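Protein chains in written order, with my numbering: chain A, 221 to 490; chain B, 10 to 139.
Data first, discussion second: the structure below is written as structure tokens.
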């Protein structure tokens, strides 16, 4: 088999996008990013060297942390630029075709689906909300509420000076119960924030929580979510997210965005 | 991005009207896990890459902090960066074991629907760290 003559890296899909908006935009391979039109759809692509972007070499690049960061950021930068020009469907990293013609085939085969998705995303943007809670602080706050049920409150105190085995076991049980209660309260804090934000968004997606033991952050991450909101109401949504997080007892909240609608590209109507 | 721990509620603010450079974890989460998935002509196994990013989450926190201090020497040395990766994986394993020993096997901080991906990759992580 002959080596492939070309390779086309796909960044995103848009509608009726001309080349003018992309002029000067450089992609992963350092080349000019191009608008590749097929009926109403425009794929934003770059011609890359098939020798440099072969499956094996790409795999190697993406499993090297420094290179992965470079590729991911450049891909993201182009997607951001495209999303600034109009509704855009981002492609997953490393979607590469052997020719422009293969991309056109994809566009014509799935035109209806892509057009529906782009219509749904019009004038909307993705907002990221992450929140952290301190289980111990939530637990303490709950215990000081007189109205709150306190299943382990009575276990926490007895026998601090008592060195008997029974007292030790009682203290240990109380500690474990308190820890479990803190975890439960933290989980509920995340659920509360999410439940309050869902009605304010056109759609939402929950991402995996980050393990704060891995990230070195204090507390527990209790929410890592993306919300699709009307672009015009993004500042208001961000304000609501912070207010809701404070009310739910989160100790920290990070609102990120506007993002291209990565989290809503694949299953637009779900 | 470094996030200082502050005890007051919801003290951290990131205004969408002034986007900061997005954090690497947030970008990777989106470009690797989200977006339109179509079968391109060149097949890349992103499962391997996703596995890597889970380990990277550990590394990234310290990488970004270090970068703010102007320390980035490992970025120009592939040996060091893969050595750091292995250390990160080993560190993660150790932390998990300690966590499991401390908390029992109840996994009390896991919540349905939130961390399926993290939980699901644990066996692969173990396998790859041998």
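Glycine included, every Cβ here is placed at the ideal spot set by N, Cα and C.
As the structure is a computational prediction, the values presented were derived from the model and not from experiment.
With a cutoff of 7 Å on beta-carbon distance, residue 334(A) and residue 440(A) are scored as not near each other. Taken through DSSP and simplified to helix, strand or coil, residue 348(A) comes out as strand.
Between the region 261 to 274 of chain A and the region 319 to 328 of chain A there are three or more C-beta pairs closer than 8 Å, enough to call the two in contact. CA-to-CA, the gap between residue 286(A) and residue 363(A) works out to about 47 Å.
Here DSSP, grouped into helix, strand and coil, assigns residue 477(A) to strand. Residue 483(A) is classed as buried because its beta carbon has at least 16 other beta carbons within 10 Å across all chains shown. For residue 462(A), the enclosing alpha helix (DSSP H) covers residues 454 to 467. Counting along the chain, the unbroken beta strand (DSSP E) around residue 254(A) starts and ends at 254 to 258. Across the set 457(A), 235(A) and 431(A), the C-alpha of 235(A) shows the shortest separation from the C-alpha of residue 332(A).
According to the DSSP assignment, residue 447(A) belongs to the beta strand (DSSP E) that extends over 440 to 450. Assigned with DSSP and collapsed to three states, residue 325(A) falls in helix. Among the residues of chain A, none has a CB under 9 Å from the CB of residue 106(B); the nearest is roughly 11 Å distant.
A distance of 7 Å or more separates the beta carbons of residue 445(A) and residue 460(A). DSSP places residue 270(A) outside both helix and strand once states are collapsed to three, so it counts as coil. Rounded to the nearest whole angstrom, the C-alpha separation of residue 247(A) and residue 271(A) is 17 Å. According to DSSP, residue pairing for residue 317(A) in a beta bridge involves 228(A). Cβ contact annotation for residue 282(A) (same chain, cutoff 6 Å, sequence separation greater than five): 288, in chain order.
With the rule of 3 Cβ pairs closer than 8 Å, the region 346 to 356 of chain A does not count as touching the region 316 to 324 of chain A. By the neighbour-count criterion, in which 16 or more other beta carbons inside 10 Å mark a residue as buried, residue 389(A) falls on the exposed side. Residue-level contact check: residue 231(A) does not touch chain B, since none of the beta carbons of chain B fall below 7 Å from its beta carbon. By the beta-carbon neighbour count (other beta carbons within 10 angstroms, threshold 16), residue 46(B) is exposed. In this structure, residue 448(A) keeps its C-beta atom at 7 Å or more from the C-beta atom of residue 485(A). Proximity of chain B to residue 274(A) at the Cβ level (cut-off 9 Å) is accounted for by 51, in chain order.
In chain order, 351, 413 and 473 place their CB closer than 7 Å to the CB of residue 465(A), counting only its own chain and leaving out the 5 sequence neighbours on each side. Per DSSP, reduced to three states, the secondary structure at residue 384(A) is coil, with no helix or strand assignment.
Residue 419(A) has no beta-bridge partner at all, per DSSP.
Closest by C-alpha distance to residue 291(A), out of 409(A), 397(A), 250(A) and 475(A), is 250(A).
Of the residues 339(A), 336(A) and 407(A), the one whose Cα lies closest to the Cα of residue 359(A) is 407(A). No Cβ of chain A is located within less than 7 Å of the beta carbon of residue 99(B). Residue 429(A) holds the alpha-carbon nearest to the alpha-carbon of residue 411(A) among 345(A), 391(A) and 429(A). For residue 333(A), the closest Cβ of chain B is not nearer than 7 Å. Beta-bridge partners of residue 311(A) (DSSP): 45(B).
A residue is called buried once 16 or more other Cβ atoms fall within 10 Å of its Cβ, and residue 51(B) is buried on that count. The beta-carbon separation of residue 480(A) and residue 303(A), rounded to 4 Å, stays under the 8 Å limit for a contact. Looking only at 256(A), 431(A) and 387(A), the smallest Cα-Cα distance to residue 108(B) is reached by 431(A). The criterion of a C-beta distance shorter than 7 Å is not satisfied by residue 40(B) and residue 278(A).
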